[in-house]
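In the numbering used here, the protein residues as written are 61 to 264.
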């Protein structure tokens, strides 16, 4: 049996909170695997813009560019809330995901993306959030990358650093890199790095 959105009945949807983010309170019921309809459930839905995450990879030097910034979600569950991450941003206008990728690479890391390679789209926390992430790997010329970046008007303080691919994979294995988008992208890169390097051609 295959279900669709038609197999969920939203009985009511009310405002729970409105700020930078949004929380909706839903009353709903859905069809059951063994037939019929289940009971009415109350669920809070964290409504977020979809996100774009990009792993900048230099195939000529076999190294990648990571950023580091403070993350409020890690304040109480990590020794340090400064997280090693991918370049990322929200789709909060009518921009396509690819446009967001190029814009955020400039703003957060001072990088020009030479080509974009889609990795996947996924829901990071579908039990309570509607956010979907568009995940990419991008080829870059990493020579000269580094320093502090970000938009001052948005309170961003972003440190950019270069990582040999092998060292970044080790950082995943030992837990220094512990956010989903970075882990997924780096695992993908391990599977595809040699192909990307072979196809890259001469360094621009």
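Heads up, the beta-carbon is just placed ideally off N, CA and C, and yes, glycines get one too.
{"Check": "Opening and closing residue of the beta strand (DSSP E) in which residue 252 lies", "Outcome": "That residue, residue 252, is in no beta strand (DSSP E); its alpha helix (DSSP H) goes 240-260."}
{"Check": "Start-to-end residues for the beta strand (DSSP E) that takes in residue 70", "Outcome": "68-78"}
{"Check": "Residue 145 in three-state terms, based on DSSP", "Outcome": "strand"}
{"Check": "Start-end ranges of the beta strand (DSSP E) lying completely within the region 174-238, minimum 3 residues", "Outcome": "175-182, 193-199, 207-209 and 218-224"}
{"Check": "Opposing strand residues paired with residue 116 [DSSP bridges]", "Outcome": "198"}
{"Check": "For residue 263, three-class secondary structure by DSSP", "Outcome": "coil"}
{"Check": "Cβ shell of residue 201 (< 8 Å), same chain only, five flanking positions each side left out", "Outcome": "118, 120, 172, 174, 263 and 264"}
{"Check": "Touching by the beta-carbon criterion (3+ pairs, under 8 Å), the region 158-167 and the region 223-243", "Outcome": "no"}
{"Check": "N-terminal and C-terminal residue of the beta strand (DSSP E) that residue 104 is part of", "Outcome": "101-107"}
{"Check": "For residue 67 and residue 91, believed in contact at Cβ under 8 Å, the rounded distance", "Outcome": "4 Å"}
{"Check": "First and last residue of the uninterrupted alpha helix (DSSP H) at residue 132", "Outcome": "Run containing residue 132: none; DSSP gives neither H nor E here."}
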